[in-house]
Amino acid sequence: MSVKPFINTKILIVEEQPLALSHMKRSLEQLDFRNLKFAEHAQAAIEHCRIEKFDLVICSFDLTKRQDGYQLYEELKSKRLVRNATSFIFVSAETGGELVHSVIELQPDDFLVKP
Numbered sequence: 001m002s003v004k005p006f007i008n009t010k011i012l013i014v015e016e017q018p019l020a021l022s023h024m025k026r027s028l029e030q031l032d033f034r035n036l037k038f039a040e041h042a043q044a045a046i047e048h049c050r051i052e053k054f055d056l057v058i059c060s061f062d063l064t065k066r067q068d069g070y071q072l073y074e075e076l077k078s079k080r081l082v083r084n085a086t087s088f089i090f091v092s093a094e095t096g097g098e099l100v101h102s103v104i105e106l107q108p109d110d111f112l113v114k115p
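Reading the sequence shown from the start, the letters are residues 1 to 115 in this note's numbering.
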């Protein structure tokens, strides 16, 4: 019998691009993560976080509808919609200096570059 330590980890993925979302979903499922929720924009992510608490939020930094990832992160933290123990990872296809500086200021748990 194999142990699956991640099976109950609650993960929220916030991503507008269907292809990127599909790749993240498939990769996490291959690693035995099963408790996945998805949001296509910041407002949907906020609603998910009002309903349940997540262990990990993976968020596109460059969201375009009303709020970007930076604004979403700040709102989730200021309204205490995520726990202090919730890990937050930003993903972006951009790697420009201004973006990286913005991400560093927020101090997320990690920043990953989309392929």
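All residues carry an ideal CB built from backbone N, CA and C; glycine is no exception.
Inset, instruction - Rank Ser78, Tyr73, His41 and Asn35 by C-alpha distance to the C-alpha of Asp110 and give the top, closest one. - result: Tyr73
Inset, instruction - Measure the C-alpha to C-alpha separation of Lys53 and Arg83 and round it to an integer number of angstroms. - result: 7 Å
Inset, instruction - Compare the Cα-Cα distances from Gln30 to each of Gly69, Thr86, Gln107 and Ile7 and report the closest residue. - result: Ile7
Legend entry - C-beta contact flag for Lys114 and Val91 at 7 Å: yes
Legend entry - Alpha-carbon spacing of Met1 relative to Ser22, whole angstroms: Confidence in Met1 is poor, its pLDDT being 48 and thus under 50, which makes the residue's placement too unreliable to answer from.
Legend entry - N-terminal and C-terminal residue of the alpha helix (DSSP H) that Leu81 is part of: Looking at the DSSP string, Leu81 is not in any alpha helix (DSSP H), and its letter there is neither H nor E.
Legend entry - Residues sharing a beta bridge with Cys59, DSSP: Val14 and Phe90
Legend entry - Three-state secondary structure assigned by DSSP to Lys25: helix
Inset, instruction - Let me know if Leu76 comes out buried or exposed under the rule of 16 or more other beta-carbons within 10 Å of its beta-carbon. - result: buried
Inset, instruction - Report the residue from Ala93, Glu40 and Ile13 whose alpha carbon sits nearest the alpha carbon of Leu56. - result: Ile13
Legend entry - His48: first and last residue of the uninterrupted alpha helix (DSSP H) it sits in: Ala42 to Ile51
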